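>
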Amino acid sequence: MLARLLGLHFSRVQFTSDMLPADVIGLSIYDRERSEFKFLPGAIFSQVLLADEINRATPKTQSALLEAMEERQVTVEGETRPLPEPFFVIATQNPSTQIGTFPLPESQLDRFLMRIELGYPDRAAERALLESGGRHDTLAAIQPCLTPDQLPSLQRTAADVHVSPALLDYLQALVEATRTSQRFVHGLSPRAALALIAAARAWAFIDGRTMVMPEDVQAVLPSVACHRLQLSNSASHARPEDIVQLIRSIPVV
Amino acid sequence: MAISLFRTGRKLKTSPSAPLLEHGTLPWLLAVALATAGPHVSHLPPWLSLLAGLLLVWRALIWQRNGRLPPRWLLAGLVIAGSAGIAFQFRTLFGREAGVAMLVFFMALKPMEMKAQRDAFVVIMLGFFLLVTHYLYSQSIATGVWLLGTATLLTATLIRLSGGAQPVRAIVKYAGLLVAQSLPLMLVLFLLFPRVSGPLWGLPLDAHAGLTGLSDSMSPGSLSNLIQSGAIAFRAQFSGQPPEQSRLYWRGPAFSLYDGKTWRPDPPPAPNPRSATQPIIEARATPISYSITLEPHNQRWLLALDLPVALPENSTLAPTFEALAREPVRSRARFAFRSSPDHVANRSEDSAMLRQALRLPPGLNPRTRTLAAEWKQALASPEQISAAALRFFREEQFFYTLRPPLLGQHAVDEFLFATRRGFCEHYASAYVVLMRAAGVPARVVVGYQGGEINPVDGYLTVRQSDAHAWAEIWVENKGWLRVDPTAAVAPSRVERGIGASLGADEPLPALVRLDAGWLQTLRHRWEAADNAWNQWVLGYNPQRQRELLSRLGLANADWAKMIAALAALGGVCLLLVAFWTLYQAPGTPAEVRAWQRFCRRLERFGIRRAAWEGPFDFAARVVREHPDLGPLTNEAAQAFADLRYGAGRPEQLKQLEACSRRIKSIPASRRERA
Chain E
0 MLARLLGLHF SRVQFTSDML PADVIGLSIY DRERSEFKFL PGAIFSQVLL
50 ADEINRATPK TQSALLEAME ERQVTVEGET RPLPEPFFVI ATQNPSTQIG
100 TFPLPESQLD RFLMRIELGY PDRAAERALL ESGGRHDTLA AIQPCLTPDQ
150 LPSLQRTAAD VHVSPALLDY LQALVEATRT SQRFVHGLSP RAALALIAAA
200 RAWAFIDGRT MVMPEDVQAV LPSVACHRLQ LSNSASHARP EDIVQLIRSI
250 PVV
Chain V
0 MAISLFRTGR KLKTSPSAPL LEHGTLPWLL AVALATAGPH VSHLPPWLSL
50 LAGLLLVWRA LIWQRNGRLP PRWLLAGLVI AGSAGIAFQF RTLFGREAGV
100 AMLVFFMALK PMEMKAQRDA FVVIMLGFFL LVTHYLYSQS IATGVWLLGT
150 ATLLTATLIR LSGGAQPVRA IVKYAGLLVA QSLPLMLVLF LLFPRVSGPL
200 WGLPLDAHAG LTGLSDSMSP GSLSNLIQSG AIAFRAQFSG QPPEQSRLYW
250 RGPAFSLYDG KTWRPDPPPA PNPRSATQPI IEARATPISY SITLEPHNQR
300 WLLALDLPVA LPENSTLAPT FEALAREPVR SRARFAFRSS PDHVANRSED
350 SAMLRQALRL PPGLNPRTRT LAAEWKQALA SPEQISAAAL RFFREEQFFY
400 TLRPPLLGQH AVDEFLFATR RGFCEHYASA YVVLMRAAGV PARVVVGYQG
450 GEINPVDGYL TVRQSDAHAW AEIWVENKGW LRVDPTAAVA PSRVERGIGA
500 SLGADEPLPA LVRLDAGWLQ TLRHRWEAAD NAWNQWVLGY NPQRQRELLS
550 RLGLANADWA KMIAALAALG GVCLLLVAFW TLYQAPGTPA EVRAWQRFCR
600 RLERFGIRRA AWEGPFDFAA RVVREHPDLG PLTNEAAQAF ADLRYGAGRP
650 EQLKQLEACS RRIKSIPASR RERA
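If you're matching them up, the sequences are chains E and V in order.
Residue 166 in numbering that gives the first Met the number 0 sits at position 167 of the first sequence; the count goes up by one each step and never skips.
Residue 493 in numbering that gives the first Met the number 0 sits at position 494 of the second sequence; the count goes up by one each step and never skips.
What follows is the structure, encoded as structure tokens:
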């Protein structure tokens, strides 16, 4: 639906435990007529990739996504191919307590900008869902609200939102607090700090401002940080309450 | 060759725990070595200066090429050879000269084995120590400024050592701030630390060897040598208008013993119970009050205006009217006098003294004696004889010069009748010989004549170049009369000073010559600053300290009270600095202070911004909880946010401050009523 709204090319991969990297990236097959190998692009060559139940795939397949997500390119059989622009990966995860899951390694989690927990819909939304009957045919009726070249320009505008030294001070104080806190096993990585700035910029942009405020950082921090921080006193990731507590320990000036 | 020398060096062992010295700190440490040891070059043996300089250059080359430090055995050899050289040169390793030489040598050597950070701290401490030794040689303003700058450099190097690489400007600024913060404490220590009498720094006796000034004898050439020095002899400050130039005769010793070449003071005559040996000066005019700040000259006499009627304590008036201190003047000191320009001095004089004032070396200067005998026969009174002598100087072809020809055995004869070229000592000497030959008691007086008013601080500066010699004759019932034969030859000497009376080719100090333009103004300013420094910094002795303390309400302070005041004021200083650093964090920008002030003022209404709350969140909460304060808070938050996080304009700071003022003017009670 998101892809449809933005007018982007969408593909979906259902991850299973017997999937191989080639299933995601693509493979070369021999073309008998032309006597050469022909590359068949995998599902990853799309603008929005939905990796459903990503933690059911083996680490080998998961890591095939790594290069794609960081470098925006894939290397198959010695040849590097760029991915289309823009490129989003949306992945869903089963609760890790379920049987047959391979938890994602920290390095791969770090490559996801945000983790958003959907939870249950609220009463009114659920009612609307029930009334519509959960039909899939509504999807086809959605009209794109952006042309394909509008999105990159919006992205550029969002990336130009002003970040002042004072804000960086605040952001660094937050990041440092995650590193020194006893509550977390590891602190946030520099990549996480970059993700935090990017997300805060986008938030400020959505709010119609030309500068990032501490409030923007505070708003996106739970989504950006939760899946990157491992609680030291339990096996789970940080919860939003932990992040709120963190925010309240750092003064804003 | 040097390169191969340090390539062969063995790697020095450093304990693994000692942090190694950062490469980039070395230029700082070499600068420290240069700044602290460099100014000592003028009083070090040249070979040591050269050796120290070469060692530092060598170390800089090693640094530049990333070479290895020289091996231990080479350094040990250098230490032994250098110390032996110093011991041989000074015949000791202790005392001021040898001690400073050793310190400088160590300062040049220590960088050669500098590997760990600990070594760098040794260099810094050595630098601070070496810094203090400069006061043993000079205590001038320039030294003070240089040492303050070097102390800042040392502090900056410490910051660089522990703080890592930063922009040089930031380091120097930080060091300057630290030094500036230490200044109040320094001032308190200076003012209140119990003082010992004597100079600020007790100096060994050899420090007085090279002092210039009048000597205790006068022979042809002795004054004209002194005159070539532009050094300051003393400064005088008059409580009223200073007298005119031609009356400024600053009296030094009087000489009456003559051997045909040199004038010396007579041993004082045996005390005669029947006549007064105490000088009696009858003032005929209102005395002039003034004080002089005398540069050390290692003699007992003080320079008072002709003739003093009131003396400073601890001084006496000699039978020949010069004021004498109890001890030779070995440090700059201030003396207050009152003098009467019109006076009758010793209306009746001790007969032994008069006999001394008539003696001449037998058999010398026959032509002079003949001339004087003619005058004695022809003229009735001593004053007429004196006038005849002055007329003789004025009318014959006498010439005033700093470079007179040399005189032989009959010096006065040759001068009066042949060469006729001379300086004030020649005229004074010839005049006194003429007077004595004519039976008039006479003697030579040396001192200074004139001086220059500094328009900046009003002090009269008298230099060695103002040194002068004149004469005195004794007349029955009129006492001793001052006669200046030089004035008869070169009246401008007395009226307008030495610079006006000598030709351009005479070897006068350039200072005296500069009599116009900005250079002179600059010189006046500098000398006034120097004088203030001498009066208030170097001249801050126990007496001045007592005066200051009694003004502060601590009359008769003993050392215990002084220490208590010192501790109290020092504590206040430290507290102020601590308060300033901790509370008024120097880096806090104006908009943050204004915003924090605004939020503090909101607390009156029961709204407290949580430390973590951003301005917009806070403003939104204020709108919810106190709608009447909402618009103002929104305005302030927007201004602060723009200033702090966006592209704020300067007027927004004013806007924020205006919000802060407006919130103050809203009465808290109005809100309660609402």
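A virtual CB, placed ideally from N, CA and C, is assigned to each residue, including glycine.
Just so it is clear, the structure is predicted and the values come from calculations on it, not from any experiment.
By how many angstroms is the C-alpha of E:Q13 removed from the C-alpha of E:E84?
Using only the alpha carbons, I get a separation of about 22 Å.
> Less than 8 Å between the C-beta atoms of E:V174 and E:A199, yes or no?
Not a contact, by the Cβ cut-off of 8 Å.
> Is the Cβ of V:A623 closer than 8 Å to any Cβ of chain E?
Checking the displayed sequence, the identity of residue 623 of chain V turns out to be Arg instead of Ala. Answer no: the Cβ-Cβ gap between V:R623 and chain E never drops below 8 Å.
> Is any beta-carbon of chain E found at less than 8 Å from that of V:R643?
True, the Cβ-Cβ gap to chain E drops below 8 Å.
> Go ahead and label V:M113 buried or exposed: buried means 16 or more other beta carbons lie within 10 angstroms of its beta carbon, across all protein chains shown.
Its Cβ being crowded by 16 or more others within 10 Å, V:M113 is buried.
> Is there a Cβ from chain V that is less than 8 Å from the Cβ of E:P151?
Answer no: the Cβ-Cβ gap between E:P151 and chain V never drops below 8 Å.
> Does any C-beta atom of chain E lie closer than 8 Å to the C-beta of V:A597?
The question names Ala, but residue 597 of chain V is Phe in the sequence shown. No, because no Cβ of chain E sits closer than 8 Å to the Cβ of V:F597.
> Residues in its own chain within less than 8 Å of E:R71 by CB, not counting five upstream and five downstream?
Answer for E:R71: P81, L82, E84 and F86, listed in chain order.
> Give me the residue from E:L220, E:A234 and E:N54 with the minimum Cα distance to E:I249.
When each option's Cα is compared against that of E:I249, the closest is E:L220.
> With H, G and I counted as helix, E and B as strand and the rest as coil, what does DSSP make of V:P203?
The predicted model places V:P203 with a pLDDT of 44, which falls under 50 and marks its position as unreliable; any figure quoted below should be read in that light. DSSP places V:P203 in coil when its eight states are reduced to three.
> Three-state secondary structure (DSSP) at E:V216?
If DSSP states are grouped into helix, strand and coil, E:V216 belongs with the helices.
> Determine which residues of the stretch 187-212 of chain E have a Cβ less than 7 Å from any Cβ of chain V, and write them out in chain order.
Listed by position along the chain: T209, M210, V211 and M212.
> For V:Y680, does the three-state DSSP call read helix, strand or coil?
Within the shown structure, residues of chain V are numbered from 0 to 673, placing residue 680 of chain V beyond reach of any answer.
> For V:A567 and chain E, any beta-carbon pair shorter than 8 Å?
Chain E, which has no Cβ nearer than 8 Å to the Cβ of V:A567, makes this no.
> Quick one: Cα of V:A564 to Cα of V:F189, how far?
Spanning the two alpha carbons is a distance of roughly 12 Å.
> How about V:R159 and V:L459: are their beta carbons less than 8 Å apart?
Not a contact, by the Cβ cut-off of 8 Å.
> Assuming contact is defined by CB atoms lying nearer than 8 Å, are V:V759 and V:A232 in contact in what I supplied?
Past the edges of chain V, shown from 0 to 673, lies residue 759 of chain V, and the structure says nothing about it.
> For V:V411 and V:T418, what's the separation of their Cα atoms in angstroms?
Cα to Cα, V:V411 sits roughly 10 Å from V:T418.
> Sort V:T587, V:F639, V:P666 and V:D529 by Cα distance to V:S137 and report the nearest one.
When only C-alpha atoms are compared, the closest one is V:D529.
> Helix, strand or coil: how does DSSP classify V:M185 here?
The answer is helix: DSSP assigns V:M185 an H, G or I state.
> 8 Å is my cut-off, CB to CB: does V:G613 come that close to chain E?
Cβ-Cβ to chain E under 8 Å: yes for V:G613.
> Using DSSP with H/G/I as helix, E/B as strand and the rest coil, what is V:K663?
Three-state DSSP puts V:K663 in a helix.
> On the three-pair Cβ rule with 8 Å, is the stretch 466-476 of chain V touching the stretch 328-338 of chain V?
In short, these stretches do not touch, since the Cβ pair count stays below three.
> Taking only three categories from DSSP, how would you classify V:W611?
It is coil, neither helix nor strand.
> List the DSSP bridge partners of V:T400.
In DSSP, V:T400 forms no bridge with anything.
> Which chain V residues are close to E:P250, counting only those with a beta carbon under 7 Å from its beta carbon?
Chain V residues near E:P250: A610 and W611.
> Ordered along the chain, which non-local residues of its own chain (more than five positions away) have a Cβ less than 7 Å from that of E:T100?
Cβ within range, chain order: N54, R55 and N93.
> Considering V:L425, what are the terminal residues of the alpha helix (DSSP H) in which it resides?
Checking the sequence shown, residue 425 of chain V turns out to be His, not Leu. Segment C423 to A436, the alpha helix (DSSP H) holding V:H425.
> Which class does V:L11 belong to by DSSP, given the choice of helix, strand or coil?
Note that V:L11 scores 44 on pLDDT, short of 50, meaning its location in the model is unreliable and no value can be drawn from it.
> Check each candidate in E:L39, E:H8 and E:E66 and name the one with the smallest Cα separation from E:D22.
Per the Cα distances, E:L39.
> DSSP three-state call for V:Y539: helix, strand or coil?
In this structure, V:Y539 counts as coil in the three-state DSSP scheme.
> Let me know the alpha helix (DSSP H) ranges lying completely inside the stretch 188-248 of chain E, each 4 residues or longer, listed in chain order.
Listed in chain order, the complete alpha helix (DSSP H) runs (minimum 4 residues) inside the stretch 188-248 of chain E are 189-205, 213-224 and 239-247.
> Let me check understanding here. Comparing Cα to Cα, which of V:I79, V:S139 and V:S161 lies closest to V:A119?
Out of V:I79, V:S139 and V:S161, V:S161 has the C-alpha closest to the C-alpha of V:A119.
> Can you give the Cα-Cα distance for V:V56 and V:L74, rounded to whole angstroms?
Whole-angstrom Cα-Cα distance: 15 Å.
> Please identify the residue among V:D483, V:I140 and V:D616 whose C-alpha is closest to the C-alpha of V:A531.
That would be V:I140, whose Cα lies nearest to the Cα of V:A531.
> Which residues share a DSSP beta bridge with E:K37?
Note: E:K37 sits in a beta bridge opposite E:I28.
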